[in-house]
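Mapping the sequence shown onto numbering that gives the first Met the number 0, position 9 (from 1) lands on 8, and the numbers just tick up by one. From the three backbone atoms N, C-alpha and C, an ideal C-beta is built for every residue, glycine too. Single-structure report; data block below.
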Amino acid sequence: MILSSAGPVYYGHITGLEDVYAPLMERLQAMDAQIRTDGGFWEIWALDVQDRLWLNYQNAATTVGSGISAMPSMHVSIATLMALSARRIGLWFGRLMTGYAFLIMIGSVHLGWHYALDGYLALFLTIFLWKLADRIIHWAETARLPSPRRTAPPDQARG
Numbered sequence: 000m001i002l003s004s005a006g007p008v009y010y011g012h013i014t015g016l017e018d019v020y021a022p023l024m025e026r027l028q029a030m031d032a033q034i035r036t037d038g039g040f041w042e043i044w045a046l047d048v049q050d051r052l053w054l055n056y057q058n059a060a061t062t063v064g065s066g067i068s069a070m071p072s073m074h075v076s077i078a079t080l081m082a083l084s085a086r087r088i089g090l091w092f093g094r095l096m097t098g099y100a101f102l103i104m105i106g107s108v109h110l111g112w113h114y115a116l117d118g119y120l121a122l123f124l125t126i127f128l129w130k131l132a133d134r135i136i137h138w139a140e141t142a143r144l145p146s147p148r149r150t151a152p153p154d155q156a157r158g
C-alpha cells in the first residue's frame with residue numbers, strides 16, 4: 000500500500016526495532032499520570048485511544064475507526080480544509096482556523112500520532128487539491144455548453 004505507515008506511537012511495535020520514540024511516549028504517560036493524580040480535568044485521552052487502536056490492530060478488527068495510518072495526516076488535512084473554507088467566509092475566521100490547523104499539526108506530532116512529514120504532506124496535498132478543485136469549478140462555470148433545450152425557429156413558434 001502506497002504511503003502505508005503508522006505514527007511514532009507504534010514505531011517499536013511495527014518495526015520490531017529499538018523504539019526511538021519511547022521517551023516521548025513515556026513523558027506523555029508521566030504527564031497523564033500526574034494530571035490524573037492531581038485530579039485534573041483534562042487527561043491525555045489520546046493515550047487511551049492509541050492503546051485501543053493497537054489492540055484492534057492486534058485483533059485484526061475491521062470496525063469503523065479501528066485502523067492505524069499516518070500518511071498523509073487526515074487530522075492535518077481536515078484542519079487545513081477547514082482553514083481554507085473559513086478563509087472564504089472571512090479573513091479573521093480564516094486566520095483563526097489557520098491557527099487551529101497549526102495547533103493540530105503540532106499536537107499530532109507531539110502526541111505521537113504523526114511524523115512531521117505526514118502533516119507536511121497533508122498540508123501540501125490539501126492545498127493542491129483545493130486549488131485544483133477551484134480551477135475545475137472555474138473552468139466548468141466559464142465553459143458551459145449551450146443549453147440542450149430546443150428552440151423553435153421563429154416562424155414555427157407562432158404556430
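Out of A115, Q57, D133, point me to the one whose CA is closest to R87's CA.
Nearest C-alpha to R87: D133.
Based on Cα-Cα distance, which residue from L116, I126, H137, Y114 lies nearest to T97?
Among L116, I126, H137, Y114, the Cα nearest to that of T97 is on I126.
If you compare alpha carbons, which of S84, G89, R51 is closest to A100?
Comparing Cα positions, the closest option is S84.
Which residues in the same chain have their Cβ closer than 8 Å to the Cβ of L124, if we skip the five residues on either side of it in sequence?
P71, S76
If you run the structure through DSSP and keep just helix, strand and coil, what is F92?
helix
Would you report the Cα separation of W112 and Q33, rounded to the nearest angstrom?
21 Å
Can you name the start and end residues of the alpha helix (DSSP H) that G11 belongs to?
10-14
Roughly how many angstroms separate the alpha carbons of G89 and H12, rounded to a whole number?
Going by the C-alpha atoms only, they are around 44 Å apart.
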